[in-house]
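Participant: This is the structure I want to talk about, given as structure tokens.
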Amino acid sequence: MNNTKEHISQNPDPRPVIEIKDLYKSFGNLKVLNGFNLKLMEGENLVLMGKSGSGKSVMIKCLIGLMEPDSGSIEVLGNDILKLKQQELDELRTEIGFLFQGSALYDSMTVRENLEFPMRRHTNKVDLKNTDELVLEALESVGLASAIDLMPAELSGGMQRRVALARALILKPKIILYDEPTTGLDPITAKEIILLMMSIQKKYKTSSLIITHDVDCARVISNRMILLLNGINYAEGTFKELSSSKDPKVQAFFK
Ligand SMILES: Nc1ncnc2c1ncn2[C@@H]1O[C@H](COP(=O)(O)OP(=O)(O)O)[C@@H](O)[C@H]1O
Ligand SMILES: [Mg+2]
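So the sequence shown is numbered by numbering that gives the first Met the number 0: it starts at 0 and just counts up by one.
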């Protein structure tokens, strides 16, 4: 399962690329995260499931430094997120691709401009002379090279999601975070997106954290799952283990 060649010789065990320990986050009286833990191993597809409003997006925002937790620790690729300076955080973010909830494309920009956007922000990682090539390669990975000069409004929901996926991987990140990648799509388009996520995982050898409440998505894509309930990692295991659990609280996730 460890796909990364250079580490295999030194270390046969996959290492964590993300490690969240004892994370707490409240808004006023609302306790959202209550001692949450998560480890994403190198090369792994980890699915995080939790009900709507359970704190999945809050957790992801803490993870990428967009929101400050009340307490706990977050390590990404060996960096303590809470101790990084803004510039170090920006650099680290080039190693993390995000597919935000919804597609979050810029409506007033063409597909090409949407994809160029992350590169312009991170000129330390890309030579701006090569953006055309990178844009085309990313679009080809999602089967949408022909849409390069279209506006988001001219694309179907599924195509928009593909463009967002291309944007997430344009800087060739080591980690991709997916927040509800199939939500709002019809079942056939959702299936296509899942297959695409799997082919991208293979091609780019990324580690993925996939937030979803789509049971089909979890079954197809997960190597391991974490169930978020009452602000904690309530249960962990493979899809098979969790979906056959006798615990009614765990069963409820699979209905
Ligand atoms: N910036 C914020 N201020 C106040 N409450 C928030 C904020 N962000 C999220 N919440 C609340 O935290 C809870 C978890 O939200 P969220 O992480 O978005 O849930 P989900 O699991 O559906 O992604 C919700 O009750 C939400 O209203
Ligand atoms: Mg959410």
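Glycine included, C-beta positions come from ideal geometry on N, C-alpha and C. These numbers were taken from a predicted model, which means no experiment stands behind them.
Does DSSP classify M197 as helix, strand or coil?
Facilitator: Residue 197 sits at position 198 when you count from the first residue of the sequence shown. Three-state result, M197: helix.
Participant: For K82, name the three-state secondary structure that DSSP assigns.
Facilitator: As a first step, residue 82 must be located in the sequence shown, where it is residue number 83. Looking at K82 - three-state DSSP - the assignment turns out to be helix.
Participant: What is the chain-ordered set of residues for which the beta carbon lies under 5 Å from any non-hydrogen atom of ligand 1?
Facilitator: F26, V31, S51, G52, S53, G54, K55, S56 and V57
Participant: Leaving out the 5 sequence neighbours to the left and right, which residues in its chain are closer than 8 Å to Q9 when beta-carbon positions are compared?
Facilitator: Translated into the one-based positions of the sequence shown, residue 9 becomes position 10. The predicted model places Q9 with a pLDDT of 45, which falls under 50 and marks its position as unreliable, so this point remains unresolved.
Participant: State the start and end residues of the unbroken alpha helix (DSSP H) segment that holds D213.
Facilitator: Translated into positions along the sequence shown, residue 213 becomes position 214. No alpha helix (DSSP H) holds D213; DSSP gives it neither H nor E.
Participant: Does the distance from the CB of L176 to the CB of Y203 come in under 8 Å?
Facilitator: Position 177 of the sequence shown, counting from 1, holds the residue named residue 176. Position 204 of the sequence shown, counting from 1, holds the residue named residue 203. Their beta carbons are not under 8 Å apart, which means L176 does not touch Y203 by this criterion.
Participant: Within 7 Å: the Cβ of D178 and any heavy atom of ligand 2?
Facilitator: On the sequence shown, position 179 is the one that residue 178 refers to. Yes, since a heavy atom of ligand 2 falls inside the 7 Å radius drawn around the Cβ of D178.
Participant: I believe S206 touches E43 by the beta-carbon criterion, under 8 Å. Please report the beta-carbon distance rounded to the nearest angstrom.
Facilitator: Here residue 206 is taken as the residue at index 207 of the sequence shown, counted from 1. Here residue 43 is taken as the residue at index 44 of the sequence shown, counted from 1. The Cβ separation is near 6 Å, so the contact holds.
Participant: When you compare only the Cα positions, how much space is there between L226 and S56?
Facilitator: Working through the sequence shown from its first residue, we reach residue 226 at position 227. Working through the sequence shown from its first residue, we reach residue 56 at position 57. Going from the Cα of L226 to the Cα of S56 covers about 14 Å.
Participant: Report yes if the CB atom of M48 is closer than 8 Å to the CB atom of M224, and no otherwise.
Facilitator: As a first step, residue 48 must be located in the sequence shown, where it is residue number 49. As a first step, residue 224 must be located in the sequence shown, where it is residue number 225. Cβ distance < 8 Å, so M48 and M224 count as in contact.
Participant: Short of 8 Å in beta carbon distance, which residues of its chain neighbour D89, apart from the five on each side in sequence? Order them along the chain.
Facilitator: Within the sequence shown, numbered from 1, the residue matching residue 89 stands at position 90. The answer, listed in chain order, is R120 and H121.
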